[in-house]
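>
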Amino acid sequence: MSDLIEIKGFTNATLGWKAWLDVVSLAAATPEQIAVLEESHPKAKVSDYYLFLVHQPEVLKQRSVAFNAIMYAPGGMPRSERELGATVVSRINGCVYCASVHAQRFEQLAKRTDAIVEVFNDPHTAGTSERERAIVQFSIELTSHPERVSSASIQALKDVGLTEAEILDLMHSVAIFAWANRLMLNLGEPVFA
Numbered sequence: 001m002s003d004l005i006e007i008k009g010f011t012n013a014t015l016g017w018k019a020w021l022d023v024v025s026l027a028a029a030t031p032e033q034i035a036v037l038e039e040s041h042p043k044a045k046v047s048d049y050y051l052f053l054v055h056q057p058e059v060l061k062q063r064s065v066a067f068n069a070i071m072y073a074p075g076g077m078p079r080s081e082r083e084l085g086a087t088v089v090s091r092i093n094g095c096v097y098c099a100s101v102h103a104q105r106f107e108q109l110a111k112r113t114d115a116i117v118e119v120f121n122d123p124h125t126a127g128t129s130e131r132e133r134a135i136v137q138f139s140i141e142l143t144s145h146p147e148r149v150s151s152a153s154i155q156a157l158k159d160v161g162l163t164e165a166e167i168l169d170l171m172h173s174v175a176i177f178a179w180a181n182r183l184m185l186n187l188g189e190p191v192f193a
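Here the sequence shown is numbered in this note's numbering, starting from 1 and rising by one per residue.
Written out as structure tokens, the structure reads:
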């Protein structure tokens, strides 16, 4: 991992997360719950987040299918840019845990931290290129004021070279983090090492 970044309460450090509600005990989990945990994420069996969400295994299964398709599918927007969008949304929503996870993923994929430092400092001015600034601004707009997104918002992305497939990928990554942040922020809290 890169150098530790800690700015305005946000970090690229590896954090834990503690649920405020009861999680499913692996010893008491049903075969269906175990199967869904195993297909959701490599660390799902030790994560309070997954162990809480698996109370509703079908919902967690569908969430994981959608999340993995949006964030990891080949083609379309580069994964690093999807992670940048997720980091911006998490920063705007105040989700320290999600911001840390997706800052790390951006850094791993992009091999740099400059954009993350900018997002943590002030997302409204962040971006190291015209393309990044457009991605960041769109992510902020869709997060803070979805009713204001218009054809001009889409055109601003096209003007810096995003294809329609990349724009759709960005919309999906921003939208799923509106949901993910609200789950993380309202079901538990980040745990600092």
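Here a beta-carbon is modelled for each residue, glycine too, at the ideal position from N, C-alpha and C.
Please report how far the alpha carbon of Ile-208 lies from the alpha carbon of Lys-158, in whole angstroms.
Since the first and last residues shown for the chain are 1 and 193, residue 208 lies out of range.
> Leaving out five residues on either side along the sequence, give the residues of the same chain with a beta carbon under 6 Å from the beta carbon of Ala-99.
To locate residue 99, count along the sequence shown from 1; it is residue 99. Same-chain partners within the cutoff: Phe-10, Thr-87, Ser-90, Arg-91.
> Nearest to Gly-94 by alpha carbon, out of Ile-140, Val-36, Lys-111?
For this step, residue 94 is matched to residue 94 along the sequence shown. Nearest of Ile-140, Val-36, Lys-111 to Gly-94, Cα basis: Ile-140.
> So what does DSSP say about Val-174, is it helix, strand or coil?
Residue mapping note: residue 174 aligns to position 174 of the sequence shown, counting from 1. Under the three-state reduction of DSSP, Val-174 is assigned to helix.
> In terms of alpha-carbon separation, which member of Val-36, Met-71, Ile-70 lies closest to Val-54?
By one-based count along the sequence shown, residue 54 stands at place 54. Ranked by Cα distance from Val-54, the options Val-36, Met-71, Ile-70 are led by Val-36.
> Excluding the 5 residues preceding and the 5 following Trp-20 in the sequence, name in chain order all residues of the same chain whose CB lies nearer than 8 Å to its CB.
Indexing the sequence shown from 1 puts residue 20 at position 20. Result list for Trp-20: Leu-187, Gly-188, Glu-189, in chain order.
> Quick one: grab the DSSP three-state call for Gly-16.
By 1-based counting over the sequence shown, the position of residue 16 is 16. In the structure shown, Gly-16 sits in a strand (DSSP, three-state: E or B).
> What are the boundary residues of the alpha helix (DSSP H) that Pro-57 is part of?
Within the sequence shown, numbered from 1, the residue matching residue 57 stands at position 57. Unbroken alpha helix (DSSP H) run through Pro-57: 57-72.
> Using only CA atoms, which one of Asp-114, Glu-166, Leu-84, Met-171 lies nearest to Phe-142?
Within the sequence shown, numbered from 1, the residue matching residue 142 stands at position 142. Note that residue 142 is Leu in the sequence shown here, rather than Phe. When each option's Cα is compared against that of Leu-142, the closest is Met-171.
> Quick one: grab the DSSP three-state call for Thr-113.
Taking the sequence shown and counting its residues from 1, one reaches residue 113 at position 113. Thr-113 sits in coil when the DSSP states are folded into three classes, being neither helix nor strand.
> To which residues does DSSP link Thr-11 through a beta bridge?
If you number the sequence shown from 1, residue 11 lands on position 11. Note: Thr-11 sits in a beta bridge opposite Glu-6.
> When you compare each of Trp-179, Gln-56, Glu-118, Ile-116 to Val-23 by their alpha carbons, which one comes out closest?
Translated into the one-based positions of the sequence shown, residue 23 becomes position 23. Closest by alpha carbon: Gln-56.
> Leaving out the 5 sequence neighbours to the left and right, which residues in its chain are closer than 7 Å to Lys-18 when beta-carbon positions are compared?
Residue numbering aside, residue 18 sits at position 18 when the sequence shown is read from its first letter. Excluding positions up to five away in sequence, the list reads Asp-48, Gly-188, Glu-189, Val-191.
> How would you label Asn-181, buried or exposed, when you count the other beta carbons within 10 angstroms and need 16 or more for buried?
Within the sequence shown, residue 181 is the residue found at index 181, counting from 1. Buried.
> Just list the residues that DSSP pairs Gly-188 with in beta bridges.
The count along the sequence shown starts at 1 and reaches residue 188 at position 188. BP columns for Gly-188 point to Ala-19.
> Could you say which of Leu-109, Leu-162, Val-96, Arg-112 lies nearest to Phe-177 if we only look at CA atoms?
By 1-based counting over the sequence shown, the position of residue 177 is 177. With distances taken between Cα atoms, Phe-177 lies closest to Val-96.
> For a quick check, are the C-beta atoms of Val-174 and Glu-130 less than 8 Å apart?
In the sequence shown, counting from the first residue as 1, residue 174 sits at position 174. In the sequence shown, counting from the first residue as 1, residue 130 sits at position 130. Not closer than 8 Å, so no.
> Output the boundary residues of the alpha helix (DSSP H) element that contains Thr-125.
The sequence position of residue 125 within the sequence shown is 125, counting from 1. First-last for Thr-125: undefined, no H or E at that position.
> Confirm, please, whether the CB-CB distance from Leu-84 to Glu-132 is below 8 Å.
As a position in the sequence shown, residue 132 is number 132, starting the count at 1. As a position in the sequence shown, residue 84 is number 84, starting the count at 1. Yes, these two residues count as a Cβ contact at 8 Å.
> Between which two residues does the alpha helix (DSSP H) harbouring Val-88 extend?
For the purposes of this step, residue 88 is identified with residue 88 of the sequence shown, where counting begins at 1. First-last of the alpha helix (DSSP H) with Val-88: 79-93.
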